[in-house]
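If you're matching them up, the sequences are chains A and E in order.
Letter by letter, the first sequence follows residues 0 to 65 in numbering that gives the first Met the number 0.
Letter by letter, the second sequence follows residues 0 to 218 in numbering that gives the first Met the number 0.
Don't be surprised by glycine CBs; every beta carbon is placed ideally from N, CA and C.
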Amino acid sequence: MKQNNDRDLFLISVFTFVTVFLWITFELIKTTKTSTITPAVQQLSASISATIDTDTLNVLNSRKRH
Amino acid sequence: MEKTILPSSNQYKKYSQTIAPFLESQQTKNYTTVIFFFLVLSVFSWYAIRPTIQTILYLRREIKDKTQIDKQMDAKIYALIEANANFENNQALFPVLSEAVPKTPEAVDLVSQLTNLALEKNLLLSQLKTADIPLSTSSAVIPSTNQKQFTELPMEFTIEGPYSSVTSYFRDLINLRRVVTIQSMNFLPLQTPVISASGSGIPATLKVSVDLVTYYETK
Chain A
0 MKQNNDRDLF
10 LISVFTFVTV
20 FLWITFELIK
30 TTKTSTITPA
40 VQQLSASISA
50 TIDTDTLNVL
60 NSRKRH
Chain E
0 MEKTILPSSN
10 QYKKYSQTIA
20 PFLESQQTKN
30 YTTVIFFFLV
40 LSVFSWYAIR
50 PTIQTILYLR
60 REIKDKTQID
70 KQMDAKIYAL
80 IEANANFENN
90 QALFPVLSEA
100 VPKTPEAVDL
110 VSQLTNLALE
120 KNLLLSQLKT
130 ADIPLSTSSA
140 VIPSTNQKQF
150 TELPMEFTIE
160 GPYSSVTSYF
170 RDLINLRRVV
180 TIQSMNFLPL
190 QTPVISASGS
200 GIPATLKVSV
210 DLVTYYETK
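If you want it as C-alpha cells, here you go:
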C-alpha cells in the first residue's frame, strides 16, 4: 500500500513536470513566432513604387480638349 | 471529567513512532527525493526559467523585427526621394490627370465639350441627358479600401448629321482628354435619303443615339 502511494506521487510529479515543460516550450515558440511590429508600423513601412507611368500621362496629354 | 479535544503529547509521540519506520526506509527516501526534485524543477521552471527565456527570445525577436523595419524604412525613403524627383521632372503633365478624371462631376464642362465637338463637325446634338449629379459629398466619410476610386456618371444624347461627320465625331470623342466610355450606339438612317453621286443609295444623314459613361474621383 505504501509503495503504491509512493509510485502515485512519483507519477503525479513526473506528469506535472512534463506538463509544465510542454507549456513553457509552446509559450516560448509562440513568443519567437509572434511579430512585435504593430499593424500601423507595418502599414507605414510598406514599400511604394517610385515609377510614374509617363506613357499614360503623355497619351492623355496628346488628347484634345474641345 | 472534561474530555480534551486536542490530542495529548503521548498521541503525537505514538504517531511519530508509527511514521518513523517509513521515513527510515531507503525506498521512501529515494521516492521523496525524486518527487521533490520534479516538483521543485517544475515550480522553478515556471517562475524563474520561463520569464527569463521568454524575455531573451522576445528581445531577440524585437531586434530582428526592428532591423527589418529599419531596412524597409530606408528603402521607402529612397523610393520617396526617387518619386519626388520623378514628380518634379513630370510636374507639367499632372494637370491632365485632373482633366481626365476630375475631382467633381463637372458635367457641364463635358456637355460643353460634346456640344463644341458637334458644332465643329456640323452635327446636331439633342436629347442630352445625364444621371443625377451630387452637388456635394460628405468629406467626413472615409472611403473603404474596397470602394472604387472613381464614380461613374452616365450620359446619353443623340446626334444627327452626315455619316462622315458622325465617324469623325466619334473619333474625336474617344480621343477627348476627359475619359469617356461609349456603352452603346444606336444608328438610325433618316427618312430622307440622299442619293449620292455614285448612286449607291446610302443615306447621307444618320441619327445616332449614344450612351456613354464618364468618370470622376470618389471622395
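Item: Outcome for V39 of chain E when other beta-carbon atoms lying within 10 angstroms are tallied against a minimum of 16; Value: exposed
Item: The stretch 22-29 of chain A touching the stretch 39-54 of chain E, judged by at least three CB pairs closer than 8 Å; Value: yes
Item: Limits of the beta strand (DSSP E) - the one that N121 of chain E falls within; Value: Neither: N121 of chain E is in no beta strand (DSSP E) and is coded neither H nor E.
Item: Span of the beta strand (DSSP E), counted from its first residue to its last, around E233 of chain E; Value: What is shown of chain E runs 0 to 218, which leaves residue 233 of chain E out entirely.
Item: Inter-stretch contact at 8 Å, needing at least 3 Cβ pairs: the stretch 61-79 of chain E / the stretch 27-46 of chain A; Value: yes
Item: L122 of chain E beta carbon less than 7 Å from that of Y168 of chain E; Value: yes
Item: Presumed contact (8 Å Cβ cut-off) between T114 of chain E and M154 of chain E, rounded CB distance; Value: That belief does not hold up - the Cβ atoms of T114 of chain E and M154 of chain E are roughly 12 Å apart, past 8 Å.
Item: Per DSSP, the bridge partner or partners of P188 of chain E; Value: E:L205
Item: With 16 other Cβ atoms within 10 Å as the buried cut-off, status of S12 of chain A; Value: buried
Item: Terminal residues of the alpha helix (DSSP H) in which P38 of chain A lies; Value: 38-43
Item: Spatial distance of L109 of chain E from A203 of chain E (CA atoms); Value: 28 Å
Item: Three or more C-beta pairs below 8 Å linking the stretch 57-68 of chain E and the stretch 29-45 of chain A; Value: yes
Item: Cβ pair count under 8 Å reaching 3, the stretch 9-19 of chain E against the stretch 93-111 of chain E; Value: no
Item: 7 Å Cβ cutoff, T31 of chain A in contact with chain E; Value: yes
Item: Of the residues E:T213, E:V33, E:L22, the one placed nearest I132 of chain E, counting alpha carbons only; Value: E:T213
Item: Neighbour-count burial assignment, V209 of chain E, 16 or more Cβ in a 10 Å radius; Value: buried
Item: Alpha-carbon to alpha-carbon, L58 of chain E and F93 of chain E; Value: 47 Å
Item: Beta carbon proximity, V212 of chain E to chain A, threshold 7 Å; Value: no
Item: Helix, strand or coil at D210 of chain E according to DSSP, with G and I counted as helix; Value: strand
Item: Rounded distance between the beta-carbons of T157 of chain E and Q126 of chain E, thought under 8 Å; Value: 5 Å
Item: Cβ shell of F186 of chain E (< 8 Å), same chain only, five flanking positions each side left out; Value: L205, K206, V207
Item: Check whether Q53 of chain E and T37 of chain A have beta carbons under 7 Å apart; Value: no
Item: Beta-carbon spacing of V178 of chain E, A99 of chain E below 7 Å; Value: yes
Item: Inter-residue spacing [alpha-carbon to alpha-carbon] between T31 of chain E and T17 of chain E; Value: 18 Å
Item: Proximal chain E residues relative to L21 of chain A, where beta-carbon distance stays under 9 Å; Value: Neighbours of L21 of chain A on chain E: none; closest Cβ ~11 Å, over 9 Å.
Item: Enclosing alpha helix (DSSP H) for D54 of chain A [first to last residue]; Value: 53-61
Item: Residue ranges of each alpha helix (DSSP H) within the stretch 48-110 of chain E, 4 or longer; Value: 49-88, 94-99
Item: Spatial distance of S61 of chain A from E119 of chain E (CA atoms); Value: 19 Å
Item: Any chain E beta carbon closer than 7 Å to V13 of chain A; Value: yes
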